[in-house]
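In my numbering, the protein residues as written are 38 to 176.
Even for Gly, the Cβ is constructed at its ideal location relative to N, Cα and C.
Working notes for the structure below.
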Amino acid sequence: MRSLRLTYASLKLRESHFIVIQEPETLKRLGGLASTGSFIANAPLAIAIVVPEAPVGYIDGARAAQDMMLAAWEAGVGSNWVGNVNTSAIKDLLDVPDDRMIVTIIPFGYPTQPVGKGKKKRKPLAEVTHEEKFGQPFA
38 MRSLRLTYAS LKLRESHFIV IQEPETLKRL GGLASTGSFI ANAPLAIAIV VPEAPVGYID
98 GARAAQDMML AAWEAGVGSN WVGNVNTSAI KDLLDVPDDR MIVTIIPFGY PTQPVGKGKK
158 KRKPLAEVTH EEKFGQPFA
């Protein structure tokens, strides 16, 4: 949570809010409501990031999420971004006001198996970097 205080925010009032969820019953209900995050139900803790319905609100929330996830990883704590959570059912469960949106819910916990670099197949850097203009290979 300390990493949140260091996250840059474009909204001058720093309007992001963070709901720390630890009650097993609430986590279980969230797991049932989150279409892409049933695993929330098994987490010991999750954090919902809530921002104003403003053009940059979503960006500020995403930056805070990334900072939290990187800080957790550094401490050996696993996490995962859960999207598609700004639904009326989840907002009602967490008492999120109508003028706010939930950017993500991030469950945190210690991995049950050792983790490493991962096995994601990523495109080579040369395929996704460009010099000066899109389509011009970066040398």
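Cβ neighbour criterion (16 or more within 10 Å) applied to residue i
{"i": "S75", "result": "exposed"}
{"i": "V165", "result": "exposed"}
{"i": "T73", "result": "exposed"}
{"i": "P89", "result": "buried"}
{"i": "G94", "result": "buried"}
{"i": "V122", "result": "buried"}
{"i": "A80", "result": "buried"}
{"i": "S125", "result": "exposed"}
{"i": "G172", "result": "exposed"}
{"i": "G113", "result": "exposed"}
{"i": "A163", "result": "exposed"}
Delimiting residues of the alpha helix (DSSP H) encompassing residue i
{"i": "A101", "result": "G94 to E111"}
{"i": "I77", "result": "Note, I77: premise wrong, no alpha helix (DSSP H); not H, not E."}
{"i": "V165", "result": "L162 to V165"}
{"i": "M62", "result": "The question names Met, yet the displayed sequence has Glu at residue 62. Note, E62: alpha helix (DSSP H), P61 to L70."}
{"i": "P125", "result": "For clarity, residue 125 is Ser in the given sequence; the question names Pro instead. S125 -> alpha helix (DSSP H) spans S125 to L130."}
Terminal residues of the beta strand (DSSP E) in which residue i lies
{"i": "L82", "result": "L82 to P89"}
{"i": "V114", "result": "Run containing V114: none; DSSP gives neither H nor E here."}
DSSP three-state assignment for residue i, whether helix, strand or coil
{"i": "V119", "result": "strand"}
{"i": "R137", "result": "strand"}
{"i": "P174", "result": "strand"}
{"i": "P144", "result": "strand"}
Residue j beta carbon less than 8 Å from that of residue i
{"i": "S53", "j": "G120", "result": "no"}
{"i": "I142", "j": "M105", "result": "no"}
{"i": "I86", "j": "A101", "result": "yes"}
{"i": "I96", "j": "I56", "result": "no"}
CB contact check: residue i to chain D, cutoff 8 Å
{"i": "K158", "result": "Absent from the structure: chain D. Only one protein chain is present."}
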